[in-house]
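Q: What follows is a single structure, and I will ask about it in a moment.
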Amino acid sequence: MSTAIEVSELHVSIGGSHILQGVSLEVATGEVVALLGRNGVGKTTTLRALMGLVPRAGTIRVRDQDVTRWPPHRIARLGVAYVPEDRDVFSALTVAENLRLAEQVAAPNYDAVYELFPELRQRARQRAGTLSGGQQQMVAVARALLNEWPVLIVDEPSKGLAPRLVAELTDVLARVSAATTMLVVEQNLAVVRRLAQRVVVLDHGVVVHQGPVGDLEDADLMRQLLGVSA
Amino acid sequence: MTVLADLTFSAVALSAVYFLAASGLSLIYGLMDVLNFAHGLFMTLGAYAAWDLTTHLTSTLSAPLNFAVGVLAAIVAGAVVAGLTELWLIRPLYGRPISQILVTIGLDLAAVGLLLGGFGSNSLSMPVPLWLFEATHWGSLSLPNADFVALIAGVVVLVGLEWFLRRTRYGIIIRAGVENRDMVRALGVDVGRAFTLVFILGGAMAGLAGLLNSVVFNGDLVSPLQGDGLLIFAFIVVVIGGLGSIRGSAVAALLVGVVQDFSNYYLGSHPGMAEIGNLSVVLLLALVLEWRPRGLFGGTL
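First to last, the protein sequences are chains A and B. Residue 184 in my numbering is what sits at position 184 of the first sequence, and the numbering runs on without skipping anything. If you want my numbering, it's the position in the second sequence, counting the first as 1, plus 1000.
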């Protein structure tokens, strides 16, 4: 199986803090990998480094291209869709404008997006800043799915959402994952079990464990790595 | 009543020029975090380009046509110089705000020095149609035609900018970029092109503002330091309106123009009060910042 994402000895320092201290991981094409770890260990920074949004050292390869020095828009156009932590929808823009901004291919698949999130069609003219947290997350995911890009990077999709919305969003991501390579940061282990085939655990800026998602059932291991009981 | 109406009309015309000067500055800061101290230069060069062309190249045309050529020259000169400034001087310095400030101040000083050396410090008279110095009479009102021109230019640019920002893809990119530049990039958008476009737009508006400032308020005179004088008020308008907000700039320009003109008229004739208009504008700035530290419309386009 070919490799969609390959990270080797990734280092990131921000404001004098050495946040990532040599992260190495791989995601095979078509695979869904969950990036886990306690708060502040560098999960979001890893995703931001992958997207070219923070200064970085090491090697990042995406779809057989060395993108370590590429700017974010070139990495995205390689076929990498990104759903950031806290959604980052453009609050002053309408839902339709948020989606229009994300268009990067000749024929963006609005039909598929509206099928997954019918509510967005009704709210197309509403300012994104006036949406609820769940609706904003729908916009953020819809933006990422519009171009049907082969790689999807998602940062904490369930964060701050009601359980019903988490279930709906997980259903959507599960459907998408059938045709997409996905690297997801997620604290909700039920969501991880549903989506991921493998888990990678970070601690203090380095990878401390990699294994099949079944490792989540090892209570001792989870307590040791994440400080939680599975 | 007539005096009040005349005064209001003149204040609104002044506001239109302030808006033209400030809107580009506001967009440039809002999208790129660049405090562009060379913006005054774009205004000055716009006026000089218009003067040069209408005096030497197209002076044989009819007066209205010659003036139209001057307007076009001012817009193009401002746009070209601003675009080149972004590409050659600002682009290598993104993320280095102090360097940007120093470079734009240096560019302004150097170019104004060159203008002083090349054209001298005396103001130059631009050929403009005589009807610009006449007035349109409407009942008991006597409204200067030059004020009409400034007002129409301000309204056209405001409506055009609003259309551009809300109806075009680049407009959406700019509005989104003001809010969260990184996320725009992460969606696959090359923000660098939008940066250049915003500089070009800002420069075009500044060039027009420079020309109108000469024609409407300086009795058709062009001078090397005129842009720097206008830049101070442009910065005040941008700060009052909210950095990055076009609607804010429009409202703030109106406030500044009205406060300045009314203060000058009603208080400026008293002994020692010659600069009361400028002082009133600074007081307005202080009051607004005390009430809303991010300006009236800070953070949104």
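Ideal Cβ placement from N, Cα and C applies to all residues, glycine included.
Quick one: what's got a C-beta closer than 6 Å to Val151/A's C-beta in the same chain, skipping five residues either side?
A: Working through the first sequence from its first residue, we reach residue 151/A at position 151. Only Ala4, Gly79, Val80, Thr181 meet the Cβ criterion.
Q: From Asp1220/B to Met1273/B, what distance separates their C-alpha atoms?
A: Here residue 1220/B refers to the residue found at position 220 when the second sequence is read from its first residue. Here residue 1273/B refers to the residue found at position 273 when the second sequence is read from its first residue. Approximately 26 Å, taken between the alpha carbons.
Q: Based on Cα-Cα distance, which residue from Ile153/A, Asn147/A, Pro157/A lies nearest to Gln135/A?
A: Counted from its first residue, the first sequence places residue 135/A at position 135. Closest by alpha carbon: Pro157/A.
Q: Taking just the CA atoms, how far does Glu85/A sit from Ser1015/B?
A: In the second sequence, the residue the question calls residue 1015/B occupies position 15. In the first sequence, the residue the question calls residue 85/A occupies position 85. Whole-angstrom Cα-Cα distance: 43 Å.
Q: Would you say Asn147/A reaches chain B, if we count a Cβ-Cβ gap shorter than 9 Å as a contact?
A: The sequence position of residue 147/A within the first sequence is 147, counting from 1. Interface residue, yes.
Q: Would you call the stretch 1096-1111 of chain B and the stretch 1033-1052 of chain B in contact, with 3 or more CB pairs under 8 Å?
A: Yes: the two stretches touch, three or more of their Cβ pairs being nearer than 8 Å.
Q: Can you list the residues of chain A that Glu1179/B reaches, using a CB-CB cut of under 7 Å?
A: As a first step, residue 1179/B is located in the second sequence; it is residue number 179 there, counting from the start. What Glu1179/B touches in chain A: Phe90, Ser91, Ala92.
Q: CB Ile14/A to CB Thr45/A, shorter than 9 Å?
A: Taking the first sequence and counting its residues from 1, one reaches residue 14/A at position 14. Taking the first sequence and counting its residues from 1, one reaches residue 45/A at position 45. Yes, these two residues count as a Cβ contact at 9 Å.
Q: Could you give the uninterrupted runs of the alpha helix (DSSP H) lying entirely in the stretch 182-210 of chain A, keeping only those of 4 residues or more?
A: Taking only runs of at least 4 residues, the alpha helix (DSSP H) segments lying wholly in the stretch 182-210 of chain A are 189-195.
Q: In whole angstroms, give me the CA-to-CA distance for Glu1179/B and Arg1294/B.
A: As a first step, residue 1179/B is located in the second sequence; it is residue number 179 there, counting from the start. As a first step, residue 1294/B is located in the second sequence; it is residue number 294 there, counting from the start. Each residue's Cα considered, the two are about 14 Å apart.
Q: Nearest to Ala92/A by CA position, among Gln65/A, Arg127/A, Val200/A, is which residue?
A: By one-based count along the first sequence, residue 92/A stands at place 92. For the residues Gln65/A, Arg127/A, Val200/A, the minimum Cα distance to Ala92/A belongs to Arg127/A.
Q: Please state the DSSP three-state secondary structure of Trp1138/B.
A: Translated into the one-based positions of the second sequence, residue 1138/B becomes position 138. Strand, per DSSP.
Q: Which two residues bound the contiguous beta strand (DSSP E) that contains Arg61/A?
A: Along the first sequence, read from residue 1 onward, the residue named residue 61/A stands at position 61. Per DSSP, Arg61/A belongs to the beta strand (DSSP E) from 57-62.
Q: What did DSSP end up calling Gln21/A once you bin it into helix, strand or coil?
A: As a working mapping, residue 21/A is identified with position 21 in the first sequence. Strand.
Q: Mind checking whether Gly42/A and Val23/A have CB atoms under 9 Å apart?
A: Translated into positions along the first sequence, residue 42/A becomes position 42. Translated into positions along the first sequence, residue 23/A becomes position 23. The answer is yes: Cβ separation under 9 Å.
Q: Give the DSSP-derived three-state secondary structure of Arg127/A in the structure shown.
A: Working through the first sequence from its first residue, we reach residue 127/A at position 127. The answer is strand: DSSP assigns Arg127/A an E or B state.
Q: Can at least three beta-carbon pairs, one atom from the stretch 1055-1066 of chain B and one from the stretch 1194-1201 of chain B, be found at a separation below 8 Å?
A: These segments do not touch.
Q: Can you give me the C-alpha to C-alpha distance between Ala162/A and Glu26/A, rounded to a whole angstrom?
A: Stepping through the first sequence from its first residue, residue 162/A is reached at position 162. Stepping through the first sequence from its first residue, residue 26/A is reached at position 26. About 32 Å.
Q: Is Asp1033/B close to chain A? Criterion is C-beta to C-beta, closer than 9 Å.
A: On the second sequence, position 33 is the one that residue 1033/B refers to. Taking Cβ atoms only, chain A never reaches closer than 9 Å to Asp1033/B, which makes this a no.
Q: To test your reading of the DSSP string, which unbroken alpha helix (DSSP H) runs of 4 or more residues are found completely within the stretch 80-111 of chain A?
A: Complete alpha helix (DSSP H) runs here, min 4: 95-102.
Q: In the structure shown, what three-state DSSP assignment does Glu26/A receive?
A: Looking up residue 26/A in the first sequence gives position 26. Strand at Glu26/A.
Q: For Arg1096/B, go through chain A and note every residue whose CB falls closer than 9 Å to its CB, in chain order.
A: Locating residue 1096/B in the second sequence gives position 96, where the first residue counts as 1. By Cβ distance, chain A contributes nothing, its closest Cβ being about 14 Å from Arg1096/B, past 9 Å.
Q: Look at the alpha carbon of Thr94/A and the alpha carbon of Arg164/A, and state the distance between them as a whole number of angstroms.
A: Residue mapping note: residue 94/A aligns to position 94 of the first sequence, counting from 1. Residue mapping note: residue 164/A aligns to position 164 of the first sequence, counting from 1. Approximately 25 Å between the Cα atoms of the pair.
Q: Quick one: list the residues of chain D neighbouring Tyr82/A, beta-carbon separation under 9 Å, in chain order.
A: Of the protein chains in this structure, namely A and B, none is chain D.
Q: Go ahead and label Arg1096/B buried or exposed: buried means 16 or more other beta carbons lie within 10 angstroms of its beta carbon, across all protein chains shown.
A: Position 96 of the second sequence holds residue 1096/B. That one is exposed.
Q: Within 10 angstroms of its Cβ, does Asn39/A collect 16 or more other Cβ (buried), or is it exposed?
A: On the first sequence, residue 39/A is found 39 positions in, with the first residue counted as 1. The residue is exposed, with fewer than 16 neighbouring Cβ atoms inside 10 Å.
Q: For Leu956/B, name the three-state secondary structure that DSSP assigns.
A: The structure shown does not extend to residue 956/B, since chain B is modelled only from 1001 to 1301, so the question has no answer here.
Q: When the Cα of Met1126/B is compared with those of Val1216/B, Thr1085/B, Val1157/B, which residue comes out closest?
A: Walking along the second sequence from the start, residue 1126/B turns up at place 126. That would be Val1216/B, whose Cα lies nearest to the Cα of Met1126/B.
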